[in-house]
Amino acid sequence: MCLRARDENGPQIRLQALAYPAFDVPSEYPSFREYSDGPVLTAQDCTWFLDNYLSGPDDLDNPYAIPAAAETLAGLPSALVITAEVDPLRDSAEQYVDRLTADGVVAELHRYPGVFHSFFTEVGTLTAADEAVSEMAHLIGKTLLQ
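Numbering (the UniProt record's numbering), first residue to last: 1 to 146.
Now the structure itself:
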């Protein structure tokens, strides 16, 4: 969405607030293999989602489908990316932060140790979820007030 807004003079998006996003084909990263059996999200799940998300193999080169395919991420809004340690998508999301930073975008990464993909749904149960949701809400509020 941010790439398309940038490229097509769309709305000015001010912040990317992302929880364990998929930035690239996850099977290319060590965390995909390390946590292929989950918990919660498995390699098989990731493959199923990708197969059903893409319309065909050509989409692998389409940056609007796979942001890692973008030539540059310069000009995108600043980002907060929250990752879970035990997540097959972790390394892909963290690579996104590296690419943003390399392309001159202010990006912050917070990896929450010991938690799994979808831990945000455990607010009130997991302290890490409470902290992550609070952190993201605070930044969104701060951005809206600027």
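Ideal placement from N, C-alpha and C gives every residue a C-beta, glycine not left out.
On a predicted model such as this, the values are computed, not experimentally measured, just so you know.
_By alpha-carbon positions, which one of V115, P39, V97 ends up nearest to D24?_
For the purposes of this step, residue 24 is taken as the residue at position 24 of the sequence shown. The option with the nearest alpha carbon to D24 is V97.
_Proximity winner among P77, I82, T125, D87, relative to V106 (alpha-carbon distances)_ = Taking the sequence shown and counting its residues from 1, one reaches residue 106 at position 106. The candidate whose alpha carbon is nearest that of V106 is P77.
*How would you label H110, buried or exposed, when you count the other beta carbons within 10 angstroms and need 16 or more for buried?*
Stepping through the sequence shown from its first residue, residue 110 is reached at position 110. That one is exposed.
*For L18, which option in R4, S92, D51, C46 has the closest C-alpha, if you only look at C-alpha atoms?*
Here the question's residue 18 lines up with position 18 in the sequence shown. Of R4, S92, D51, C46, the residue nearest in Cα terms is S92.
_For Q146 and I82, the rounded distance between their alpha carbons_ = Within the sequence shown, the letter at position 82 stands for residue 82. Within the sequence shown, the letter at position 146 stands for residue 146. If you take the alpha carbons of I82 and Q146, they lie about 22 Å apart.
*Cα separation between V123 and V115?*
The residue you call residue 123 lines up with position 123 of the sequence shown. The residue you call residue 115 lines up with position 115 of the sequence shown. Approximately 12 Å between the Cα atoms of the pair.
*From this set, D7, C2, A22, Y20, which residue's C-alpha is nearest I13's C-alpha?*
For the purposes of this step, residue 13 is taken as the residue at position 13 of the sequence shown. Answer by Cα proximity: C2.
*Please confirm whether L80 and L139 have their CB atoms less than 7 Å apart.*
As a position in the sequence shown, residue 80 is number 80, starting the count at 1. As a position in the sequence shown, residue 139 is number 139, starting the count at 1. In this structure, L139 lies closer than 7 Å to L80 by Cβ.
*What is the rounded straight-line gap between the Cα of G38 and the Cα of L89?*
Here residue 38 is taken as the residue at index 38 of the sequence shown, counted from 1. Here residue 89 is taken as the residue at index 89 of the sequence shown, counted from 1. Near 11 Å, if we compare the C-alpha coordinates of L89 and G38.
*Expressed to the nearest angstrom, what Euclidean distance is found between the alpha-carbon atoms of F120 and L54?*
Counting from 1 along the sequence shown, the entry for residue 120 is found at position 120. Counting from 1 along the sequence shown, the entry for residue 54 is found at position 54. Spanning the two alpha carbons is a distance of roughly 26 Å.
*For the alpha helix (DSSP H) containing H110, list its first residue and its last residue.*
Working through the sequence shown from its first residue, we reach residue 110 at position 110. Here H110 belongs to no alpha helix (DSSP H); instead the beta strand (DSSP E) covers 107-116.
*asked:* Would D45 and A74 be called neighbours here (beta carbons separated by less than 7 Å)?
replied: For the purposes of this step, residue 45 is identified with residue 45 of the sequence shown, where counting begins at 1. For the purposes of this step, residue 74 is identified with residue 74 of the sequence shown, where counting begins at 1. In this structure, A74 does not lie closer than 7 Å to D45 by Cβ.
*Using the Cα positions of T125 and E131, report the straight-line distance between them to the nearest angstrom.*
As a first step, residue 125 must be located in the sequence shown, where it is residue number 125. As a first step, residue 131 must be located in the sequence shown, where it is residue number 131. Approximately 11 Å, taken between the alpha carbons.
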